[in-house]
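As structure tokens, the structure follows; a few thoughts come after it.
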Ligand SMILES: [Zn+2]
């Protein structure tokens, strides 16, 4: 799958690269984002380390803020995974509490006495700092939800099958408790190793990004 993966990587080079703090007005309302991480290279350029999108209309900007800014791991699986790897790397027993989903009031009430909320806040700040300092991204517009999800899936599959895309020895994801992250070299656990782009479908992506 390296040929199609190479095409995707080269396409991303043509797009504007954003890093924190980013100017929202340069980001479309609907689309797909592709993340890169310091120290990670493939295809003679920065390596794609995550691909994502959004389901609701006009949610691309809020989605990116949930990853880069909003200190709530339960609203961003990406933040949750960065936190898992940071905690695991430090052999921090707080990992077991970081795993808990505190979205519902019931969950918050159940665990409130067990969780050191000040410490959790500190980890959230560490996660934000790590993400803001180490990740950059590009975006491209895709209006329809169906198309976004389809393209996202295909990019993830294509990159996961690529034998040229390998993480560095120092990659933070190597400390992830999630085997799929270590195996794929991606901050992803879903849509890996499914149907990749082929010679025809990749042309459509080229056209979409070039237009
Ligand atoms: Zn590749």
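Residue numbers (my numbering): 28 to 238.
A virtual CB, placed ideally from N, CA and C, is assigned to each residue, including glycine.
It should be emphasised that the depicted structure is a prediction, and the values quoted were computed from it without experimental measurement.
* How many Å lie between residue 103 and residue 60 at the Cα? -> 14 Å
- Touch test, the segment 28–36 against the segment 176–191, Cβ-Cβ under 8 Å, three pairs minimum: yes
In angstroms, rounded to a whole number, what distance separates the CA positions of residue 225 and residue 180?
-> 13 Å
_Counted within 10 angstroms of its Cβ, other Cβ atoms place residue 114 as buried (16 or more) or exposed_ = buried
### residue 109 beta carbon less than 8 Å from that of residue 154
yes
Check: Curious, which full-length beta strand (DSSP E) runs of at least 3 residues does the segment 60–110 contain?
Finding: 72–79
Any contact between the segment 76–94 and the segment 49–65? By contact I mean 3 or more CB pairs, one from each, below 8 Å. yes
Exercise. Out of 126, 112, 217, 80, state which residue places its alpha-carbon closest to the alpha-carbon of residue 173.
Key: 80
Please output, in chain order, the residues near ligand 1 using a CB cut-off of less than 7 Å to any non-hydrogen atom of the ligand.
29, 32, 33, 36, 69, 70, 186, 189, 191, 192
By Cβ distance, which residues of its chain are closer than 7 Å to residue 82, with the 5 residues on each side in sequence left out?
172
* Asked: So, do the segment 206–221 and the segment 62–82 have three or more beta carbon pairs nearer to each other than 8 Å?
  -> yes
Coarse secondary structure for residue 190, derived from DSSP in three states: coil
ask   = Considering only residues of the same chain and omitting the five flanking positions on each side of residue 191, which have a CB-CB separation below 8 Å?
value = 29, 32, 33, 69, 70
Leaving aside the five residues before and after residue 162 along the sequence, list all residues of the same chain whose C-beta is less than 6 Å from its C-beta, in chain order.
62, 64
Margin query: Taking only three categories from DSSP, how would you classify residue 124?
Written below: helix
- [ ] Would you mind sorting residue 112 into buried or exposed? The rule is 16 or more other CB atoms within 10 Å of its CB.
- [x] buried
For residue 116 and residue 208, I'd like the C-alpha separation in whole angstroms. 14 Å
* Asked: Nearest CA to the CA of residue 150: which residue from 125, 131, 132?
  -> 125
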